[in-house]
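I have placed the structure first, in the form of structure tokens, so that the comments after it can refer back to it.
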Amino acid sequence: MPRRAYAALGVFTTDHGPVHVRKQYAHKQSTWLLICEARHEALRAFLPDWRPRSPSTRTQITPPTPMRRVGEILAYYHAQVPIWLERLKRPALPVADAAPAPAYRTLGELVAIVDHEAATALRTGSIVTYRFQWKTILAHLPATTPLQALTRERLQALMGELIAAYASTTVQNLRTALNKLLVRALDDGLLGARNPLAKVRTPKAVTRPRTFLTQEQRDAVLRVAAEYGRDVHLLFALLFLTGVRKAEALALTWADADEANRVLHVRSSRHFTTKTGEDRTVPICDELARLLHEQRQPSGFILKPDKPYAGHRYRWSFAKAFRTVVRRAGVPWCHPHLCRHVFSSLYLHNGGSFFRLAAHLGHSISETTELYAHCLPGFDEDINGNGRDRRTRSA
108 MPRRAYAALG VFTTDHGPVH VRKQYAHKQS TWLLICEARH EALRAFLPDW RPRSPSTRTQ
168 ITPPTPMRRV GEILAYYHAQ VPIWLERLKR PALPVADAAP APAYRTLGEL VAIVDHEAAT
228 ALRTGSIVTY RFQWKTILAH LPATTPLQAL TRERLQALMG ELIAAYASTT VQNLRTALNK
288 LLVRALDDGL LGARNPLAKV RTPKAVTRPR TFLTQEQRDA VLRVAAEYGR DVHLLFALLF
348 LTGVRKAEAL ALTWADADEA NRVLHVRSSR HFTTKTGEDR TVPICDELAR LLHEQRQPSG
408 FILKPDKPYA GHRYRWSFAK AFRTVVRRAG VPWCHPHLCR HVFSSLYLHN GGSFFRLAAH
468 LGHSISETTE LYAHCLPGFD EDINGNGRDR RTRSA
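Those letters in the sequence shown? Residues 108 to 502, per the working numbering, in order.
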């Protein structure tokens with residue numbers, strides 16, 4: 108989407124020239140920003156803490172919280188003006204061509220800096236993912252770890268710890284997140300001449316069998332969810348009985364629930380985009396159809412209709428309720444995406460078709476076969492084979 112150029116909100120005079128400040132809307136971050144434009148030396152004088160990696164004539168100031176209304180960014184701008192003017196009254200400091208020496212020395216300080224920079228350049232979902240990965244890394248490498256202590260040997264030991272605790276794909280993602288941190292420290296001259304992670308070998312992962320819940324365990328979870336509350340019950344029913352992803356479940360509206368044709372329409376909207384970018388139709392089994400009919404509303408979201416999208420990745424943070432239901436049901440381990448695997452395994456176990464399952468999940472045939480080939484395959488049975496009852500499909 109093309110950016111709209113806004114007139115300058117103000118012009119500030121420095122010893123190195125004027126600095127023009129204007130507002131701009133960042134669509135990726137869904138927030139208003141302040142854009143500062145001037146000669147490189149003027150920007151350095153105007154923003155003493157600004158640390159560009161190379162000379163630049165433009166930078167942005169990101170508010171501490173997302174601002175989605177023009178009035179909010181204008182209020183933020185007017186609050187910053189006195190601070191900037193007071194700073195410009197002080198004696199000017201010499202501006203060097205190179206960036207000032209970095210002040211951070213520990214892994215925790217490095218994470219804080221990279222996190223702040225990522226918040227201005229990445230999508231909200233990417234930021235959430237990186238923060239989770241950095242939190243996981245800090246659980247194995249304390250935040251107080253000096254950067255100089257991040258040797259090849261220490262990082263090799265870290266990879267061994269991670270591969271013993273997580274799946275190989277997760278470890279690879281954690282390695283990528285760690286590398287992002289180390290590249291920043293390397294650019295700032297704090298790690299010598301070579302990235303210590305470059306020659307670290309990721310150990311071969313131990314293949315763990317994919318585990319699912321049995322139909323009895325799934326039914327136990329659904330019974331407890333029904334006692335917990337309306338939204339939690341609907342959440343588990345949608346996840347277990349349709350195989351939709353959690354973000355897709357939260358984005359479903361009553362307009363997407365077609366009772367006449369017994370299908371759910373999983374589609375992108377203003378605030379949500381499906382993982383593949385393509386819409387799909389998912390059939391509804393008898394039990395879910397009954398539950399949706401009982402809870403039917405004229406409009407709005409199916410789950411938590413009182414919670415709008417407010418810049419977060421998910422409208423509703425249901426992690427605590429999810430864990431509580433699983434624990435009360437006596438199920439040893441379950442997470443939202445596992446519900447999708449449970450749906451798939453039970454669907455195939457009851458005679459469902461790989462082709463139909465791939466369409467329901469939004470997967471390719473090869474991906475579905477690779478994930479669920481160990482399940483009992485069958486062909487062209489109805490979706491209700493995954494529920495309480497099974498109907499005979501007419502030819």
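From the three backbone atoms N, C-alpha and C, an ideal C-beta is built for every residue, glycine too.
Valine 389 versus proline 412: straight-line alpha-carbon distance, rounded: Taking the CA atoms as reference points, valine 389 sits about 21 Å from proline 412.
Residue burial classification, isoleucine 391 (beta-carbon count within 10 angstroms, cutoff 16): Its Cβ being crowded by 16 or more others within 10 Å, isoleucine 391 is buried.
For histidine 442 and alanine 300, the rounded distance between their alpha carbons: Answer to the nearest angstrom: the Cα atoms are 42 Å apart.
Per-residue burial, serine 376 [other beta carbons within 10 Å of its own, 16 or more giving buried]: Note on serine 376: under 16 other CB atoms within 10 angstroms of its CB, so exposed under the neighbour-count rule.
Helix, strand or coil at glutamine 240 [DSSP, three-state]: Helix.
Residues bridged to glutamine 131 [DSSP beta-bridge criterion]: For glutamine 131, the beta-bridge partners assigned by DSSP are Leu140.
Proline 484, DSSP secondary structure in three states: In this prediction, proline 484 scores a pLDDT of 45, lower than 50, which makes its location untrustworthy; no coordinate-derived value is stated.
Residues near leucine 346 in its chain [Cβ-Cβ closer than 8 Å; skip 5 each side]: Taken in chain order, the residues that qualify are Lys353, Ala356, Pro443, Cys446, Arg447, Phe450.
The region 364-382 in contact with the region 329-340 per 3-pair CB rule at 8 Å: The region 364-382 is not in contact with the region 329-340.
Distance cut-off 7 Å: arginine 434 Cβ against heavy atoms of the ligand NAP: Only the bare structure without any ligand can be found here, which leaves the ligand NAP out of the picture.
Test item: CB-CB of histidine 467 and tyrosine 416 under 8 Å: No, the pair does not count as a contact, with Cβ atoms beyond the cut-off.
C-alpha distance - alanine 333 paired with proline 303, whole-angstrom precision: About 52 Å.
Range covered by the alpha helix (DSSP H) that runs through valine 503: Residue coverage of the chain in this structure runs from 108 to 502, which leaves residue 503 outside it and unanswerable.
Completely contained beta strand (DSSP E) runs for the region 373-453, where each covers 3 or more residues: If we require 3 residues or more, the beta strand (DSSP E) runs fully inside the region 373-453 come out as 387-390.
Alanine 274 versus glycine 350: straight-line alpha-carbon distance, rounded: About 22 Å.
Cutoff 7 Å; reference glutamine 324; Cβ partners in own chain excluding five residues on either side: Residues of the same chain with a CB within less than 7 Å of the CB of glutamine 324, apart from the 5 flanking positions on each side, are Val438 in chain order.
Phenylalanine 153, DSSP secondary structure in three states: DSSP, read as helix, strand or coil, puts phenylalanine 153 in helix.
Beta bridge counterpart(s) of leucine 371 as assigned by DSSP: According to DSSP, residue pairing for leucine 371 in a beta bridge involves Ala364, Val389.
Span of the beta strand (DSSP E), counted from its first residue to its last, around glycine 117: Residues 117-121.
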